[in-house]
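Chemist:
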Amino acid sequence: MPDGLLERPASALHQQLDGPTLIHLPGRHERPLVVSVLQHGNEITGWEAVRRLLKSHYQRDELPRSLIIFIGNPVAARQRLRRLDDQPDFNRCWPGGIETDSAYTSLFREIHDRLLEARPMAVIDVHNNTGLNPHYAAVNRIRSDYLRLASMFSSKVVYFTIPTGTLSHSMSEFCPSVTLECGQAGEVHGTDHSLAYIETCLHQESISLQPVDADAVHLFHMVATVNVNPDVLFGFGRVPADVAFRDALDEFNFTELPLGTSFGTVLNNELPPLIATDNEGRDITADYFDFSGGELLTTREIMPSMLTLDRRVIQQDCLCYLMERIHYEDNEEVTGIDPLPEGLHRSDIPD
Ligand SMILES: [Zn+2]
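As structure tokens, this is what we get:
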């Protein structure tokens with residue numbers, strides 16, 4: 000650990016780190032836990048949790064398990080931004096993604112390979128979001144050990160395969176991986192929660208493959224990504240724009256909405272105000288929304304997540320994701336161990 004680094008808030012890390020950084024800390028169990036923070040520079044909860052954990056508990060004591068800390072984007076953290084305008088989204092640059100900036104994708108490939116060499120027990124990628132969201136975990140694979148790792152953080156678990164190029168997705172072929180959504184950056188209980196979770200994980204001997212109790216995990220999967228049409232002027236509340244979303248739209252997050260729920264008013268109907276795409280990139284807007292009556296109405300039962308009122312996030316990322324519940328007690332995939340792609344050998348790695 001570089002001297003003095005733990006004293007620095009996310010916005011000051013750039014004084015010692017000029018880009019993506021891996022820090023290896025040895026512990027009693029050799030196989031490391033990987034904790035990734037600040038892939039998005041304004042999402043400081045992960046770094047706050049890591050530095051508090053290390054300062055308070057492990058300044059002198061040995062860690063129960065080796066820890067690899069990945070610090071993603073200290074340069075954007077300096078500006079308190081998700082990313083700089085000339086940077087790609089770091090959590091889309093990992094192997095398996097479609098990002099085309101080869102300087103970054105080859106760097107992230109190298110980091111990925113380093114992580115694999117360390118044979119991690121599990122990978123935890125800590126994020127924040129900007130709307131009102133409960134804390135939840137996301138997995139990219141439905142398997143009991145992955146769900147167990149997720150359920151230790153929250154009973155709300157989201158399964159996603161899009162967007163690609165995320166850290167957790169790229170590591171999911173090799174070891175249990177989760178993305179944590181810890182509410183909004185700067186909330187103390189988000190830091191408390193992720194700190195306690197990382198510490199719990201550090202003390203695990205292994206992540207059990209025993210089936211997870213159905214009550215312990217409410218599993219949802221993403222069926223669509225919703226973007227505001229870039230050619231449409233939008234606002235919130237009573238505003239003169241093509242589409243005026245309702246105030247406090249983010250109160251809908253993680254709420255199962257009946258059909259006919261209004262997202263706002265459509266004042267100019269020439270272009271569709273929203274574009275919903277499925278996981279294969281097909282336009283499925285008409286399956287979920289109706290704009291024809293001057294109102295933006297849902298046309299089937301859905302549960303949004305990551306709804307935000309932050310214009311920059313809406314323009315750089317998306318308005319929200321749409322999710323449906325997976326009734327996985329019927330799904331034998333959950334209790335079984337699905338085969339690994341050829342050439343990968345998670346199961347023959349001794350703990
Ligand atoms: Zn993030």
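Each residue of the sequence shown is one higher than the last, beginning at 0 in numbering that gives the first Met the number 0.
Note that CB positions come from ideal geometry on N, CA and C, so glycine has one too.
Here the structure is a predicted model, which means the values were calculated and not measured.
1. DSSP on Val122, reduced to helix/strand/coil?
2. Write down every uninterrupted run of the alpha helix (DSSP H) in the region 64–151 whose length is 4 residues or greater and which is fully enclosed by it, in chain order.
3. Provide the residue(s) that pair with Ala223 in DSSP beta bridges, ordered along the chain.
4. Answer yes or no: do Leu208 and Val156 have a C-beta to C-beta separation smaller than 8 Å?
5. Would you mind working out which of Met305, Asn252 and Ala48 sits nearest Leu194, comparing C-alpha positions?
6. So the candidates are Lys54, Glu198 and Val33; which of them puts its Cα closest to the Cα of Arg118?
7. Is Glu250 helix, strand or coil by DSSP?
8. Can Glu186 be considered in contact with ligand 1, in the sense that its beta carbon sits closer than 7 Å to one or more heavy atoms?
9. Which partner residues does His217 have in the DSSP bridge list?
10. Quick one: what's got a C-beta closer than 6 Å to Asn72's C-beta in the same chain, skipping five residues either side?
11. Helix, strand or coil for Ser167, going by three-state DSSP, please let me know.
12. Cα separation between Leu21 and His111?
13. Going by the C-beta, is Asn267 closer than 7 Å to any heavy atom of ligand 1?
14. Got a sec: does ligand 1 put a non-hydrogen atom nearer than 7 Å to the Cβ of Asn369?
15. If I'm right that Leu270 touches Asp230 with Cβ under 8 Å, what's the distance once you round it to whole angstroms?
16. Between Val238 and Ile161, what straight-line distance do the alpha-carbon atoms span, to the nearest angstrom?
17. Assuming Leu318 and Leu273 are in contact, meaning their beta carbons sit under 8 Å apart, how far apart are those beta carbons, in whole angstroms?
18. Going by the beta-carbon positions, is the gap between Glu294 and Thr264 smaller than 8 Å?
19. Please name the residue in Asp289, Gly189, Ala215 and Gly164 whose C-alpha comes closest to that of Thr104.
20. Could you please give me the residues that DSSP links to Glu294 through a beta bridge?
21. Going by Cα to Cα distance, which pick from Leu114, Ile43, Arg64 and Asp85 is closest to Arg79?
22. Less than 8 Å between the C-beta atoms of Tyr320 and Met170, yes or no?
23. Starting from Ala285, trace the alpha helix (DSSP H) in both directions and tell me its first and last residue.
Modeler: Per the coordinate set shown:
1. Looking at Val122 - three-state DSSP - the assignment turns out to be strand.
2. Fully enclosed alpha helix (DSSP H) runs of 4 or longer: 73–77, 101–116 and 143–150.
3. DSSP, once it has assigned bridges, lists Leu321 as partnering Ala223.
4. The answer is no: Cβ separation not under 8 Å.
5. Across the set Met305, Asn252 and Ala48, the C-alpha of Ala48 shows the shortest separation from the C-alpha of Leu194.
6. The candidate whose alpha carbon is nearest that of Arg118 is Val33.
7. Glu250 falls in the helix class under three-state DSSP.
8. Not under cutoff, so the answer is no.
9. According to DSSP, which records beta bridges pairwise, His217 is partnered with Lys155.
10. Residues Leu37, Gly40 and Phe89 of the same chain have their beta carbon placed closer than 6 Å to that of Asn72, with the five preceding and five following residues left out of the count.
11. In this structure, Ser167 counts as helix in the three-state DSSP scheme.
12. Going by the C-alpha atoms only, they are around 11 Å apart.
13. No, the beta carbon of Asn267 sits no closer than 7 Å to any heavy atom of ligand 1.
14. Any question about residue 369 goes unanswered here, given that the chain covers just 0 to 350.
15. Contact between Leu270 and Asp230 is confirmed by a C-beta separation of about 6 Å, below the 8 Å threshold.
16. C-alpha separation (whole angstroms): 32 Å.
17. Correct: roughly 7 Å between the Cβ atoms.
18. Between Glu294 and Thr264, the C-beta spacing is below 8 Å.
19. Out of Asp289, Gly189, Ala215 and Gly164, Gly164 has the C-alpha closest to the C-alpha of Thr104.
20. Glu294 pairs with Thr264.
21. Answer by Cα proximity: Ile43.
22. The answer is no: Cβ separation not under 8 Å.
23. Run containing Ala285: Thr284 to Tyr287, per the alpha helix (DSSP H) assignment.
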